[in-house]
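**Student:**
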Amino acid sequence: MSVLFYENRLNKSLEKSLSLLKTKNIKAYKTLIALSILGRKFYPAILENFDNNTLTDFENNIEFLVQEGFITQINTCSFEFKSNDIWKIIVSIVKNDEIFEEILNQLKEKDSNNIDKITTVEKYNTSMVEL
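Each residue of the sequence shown is one higher than the last, beginning at 114 in our numbering.
(1) Quick one: any contact between the stretch 187-203 and the stretch 138-156, if contact means 3 or more CB pairs under 8 Å?
(2) Do the CB positions of Phe177 and Asn138 come within less than 8 Å of each other?
(3) Would you report the Cα separation of Ala141 and Phe194, rounded to the nearest angstrom?
(4) Could you say which of Asn173, Pro157, Glu215, Leu220 lies nearest to Ser191 if we only look at CA atoms?
(5) Verify whether the separation of the beta carbon atoms of Leu134 and Leu145 is less than 8 Å.
(6) Short check: CB of Ile216 to CB of Lys143, under 8 Å?
(7) What residues in its chain sit with their C-beta under 6 Å from that of Leu148, if we drop five residues either side in the sequence?
(8) Can you say whether Lys129 is buried or exposed, counting buried as having 16 or more other CB atoms within 10 angstroms of its CB?
(9) So, helix, strand or coil for Leu244, using DSSP?
Next up, the structure:
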């Protein structure tokens with residue numbers, strides 16, 4: 114099988130999975146978008162109060178995303194997307210979602226000290242996906 118065939122199947126599979134996630138668990142979907150903005154590897158504790166989640170809600174969202182196969186735990190503090198391809202495809206899909214800008218703005222508001230960093234990371238991640 115060609116690489117293009119594999120990428121196309123993965124893209125269609127992730128589009129379907131993301132659509133189901135958005136319908137099934139919108140808070141986990143929003144958390145996934147926020148995590149994708151942070152990059153392939155991330156420290157989810159940065160998002161603890163994101164989207165007005167309680168700590169329990171936040172931990173449940175992370176666990177749900179692990180169980181659904183979107184992310185995996187590296188160690189006690191950090192996680193990553195299952196693969197670079199999965200992360201790139203997720204970013205390419207969610208950046209077109211109507212709530213993407215809302216989430217990006219929430220991240221900027223949450224951490225006003227790191228607005229430039231968040232904007233730079235988001236631009237870098239978007240450009241990496243377009244490669």
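All C-beta atoms in this analysis are idealised placements derived from N, C-alpha and C, irrespective of residue type, glycine included.
Just so you know, these numbers come straight off a predicted model, no measurement behind them.
**Tutor:** For this structure:
(1) Cβ pair count under 8 Å is three or more, so yes.
(2) Less than 8 Å separates the beta-carbon of Phe177 from that of Asn138.
(3) Distance between the alpha carbons of Ala141 and Phe194 is about 14 Å.
(4) Shortest Cα-Cα distance from Ser191 to any of Asn173, Pro157, Glu215, Leu220 involves Pro157.
(5) Contact: yes.
(6) Taking 8 Å as the Cβ cut-off, Ile216 and Lys143 qualify as a contacting pair.
(7) Answer for Leu148: Phe155, listed in chain order.
(8) A residue is called buried when at least 16 other Cβ atoms come within 10 angstroms of its Cβ; Lys129 does not meet this threshold and is exposed.
(9) Only weak support is given to the placement of Leu244: the predicted model assigns it a pLDDT of 49, under 50, and the question is left unresolved by the model.
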